[in-house]
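Numbering (mature numbering (1 follows the signal peptide of the UniProt record, and there is no 0)), first residue to last: -27 to -1, 1 to 287.
Note that beta-carbon positions come from the ideal geometry of N, C-alpha and C, so glycine has one too.
To start, the structure under review is shown below, and the notes come after it.
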């Protein structure tokens, strides 16, 4: 028997045992349950998952935050987990299944999952392999791009039976943010959040309705919404405007945050001669939002909040 055939047989037998166990516990714990996916379909989950495979490295952070039993996860395009939660994944023995952009079905069988999590969008989406995943284990589809990590945690709590853990994590974080807001002095005027790539490239600017803006707004900042007509890609987005470099000079905010950079890394924006007349540059109020701030989950959001307290403490 080949390793792949052996893995498939193991998954089938494990799945049968799992269904039998789940059927005996239905009345006691509310299983099975039906989960509504982001694509409008539903997934029947027979019993509370014990072995979760996340195909999306972005979603994995929120699964770990609510203490979901993740056994394997896809990684970023560089083949690594996100730095903000990589130590947690290592501590819990999470297997690195594949880098974003490629899927290893044999690795899925090897993980023996009883729940598979797929993102509907993003570079870490494995939606093209949905039918193959569904043949192995119950598979849920989520859209992390249209919601905060707190909202995502609520959906994952529903799918995993960890509703109370998800609610507690969100409540704890919200209290942490409220405490942080009381410790800082927010500069007057609006703020920008920019993924700064320099001349000759698009420089995505966070929109007021995106998750990055929502986090800053919870701390008391007002985020300037960039002109959606600057967007250089075919489809408009609710979270970012992909703006040409030349449009950055039209921003009016007194404070600028640079995505994926610390304060030292943000100096490239502060020292760019083309941007010298921006209000935030003139005021010297350009800050890194944090090295891990590109994807917002519980871990990176906590890092962002801590960084803002350090920069704006009363």
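Helix, strand or coil: which one does DSSP assign to residue i?
i	result
residue -8	Model confidence at residue -8 stands at a pLDDT of 38, short of 50, so the residue's coordinates are unreliable; what they give is reported in the following sentence. Note: residue -8 maps to helix in three-state DSSP.
residue 135	coil
residue 267	coil
residue 161	coil
residue 26	strand
residue 302	Missing from the structure shown is residue 302; the chain here goes from -27 to 287 and no further.
residue 281	helix
residue 145	helix
residue 9	strand
residue 121	coil
residue 275	helix
Roughly how many whole angstroms lie between the Cα atoms of residue i and residue j?
i	j	result
residue 19	residue 243	54 Å
residue 210	residue 161	28 Å
residue 41	residue 28	14 Å
residue 118	residue 21	26 Å
residue 195	residue 2	44 Å
residue 145	residue 271	10 Å
residue 240	residue 100	39 Å
residue 67	residue 17	25 Å
residue 348	residue 14	Any question about residue 348 goes unanswered here, given that the chain covers just -27 to 287.
residue 122	residue 269	7 Å
residue 214	residue 168	10 Å
Report the partner residues of residue i according to the DSSP bridge assignment.
i	result
residue 169	Beta-bridge pairing links residue 169 to no other residue.
residue 115	92
residue 261	231
For the putative contact between residue i and residue j, defined by C-beta atoms under 8 Å, what is the C-beta separation to the nearest angstrom?
i	j	result
residue 87	residue 110	6 Å
residue 129	residue 26	The pair is not a contact, with the Cβ atoms about 13 Å apart (cut-off 8 Å).
residue 112	residue 89	4 Å
residue 217	residue 205	6 Å
residue 253	residue 165	7 Å
residue 227	residue 256	6 Å
residue 76	residue 10	With a Cβ gap of about 18 Å, residue 76 and residue 10 do not count as contacting.
Considering only heavy atoms of the ligand GDP, does any lie closer than 7 Å to the CB of residue i?
i	result
residue 282	Only the bare structure without any ligand can be found here, which leaves the ligand GDP out of the picture.
Exercise. Where in the segment 28 to 102 do unbroken runs of the beta strand (DSSP E), each at least 3 residues long, occur, reported from the N-terminal end onward?
Worked result: 43 to 48, 68 to 72 and 88 to 92
Item to complete: May I have a chain-ordered list of the alpha helix (DSSP H) segments no shorter than 4 residues that lie completely inside the segment 172 to 246?
Response: Whole alpha helix (DSSP H) segments, 4+ residues: 184 to 191 and 240 to 243.
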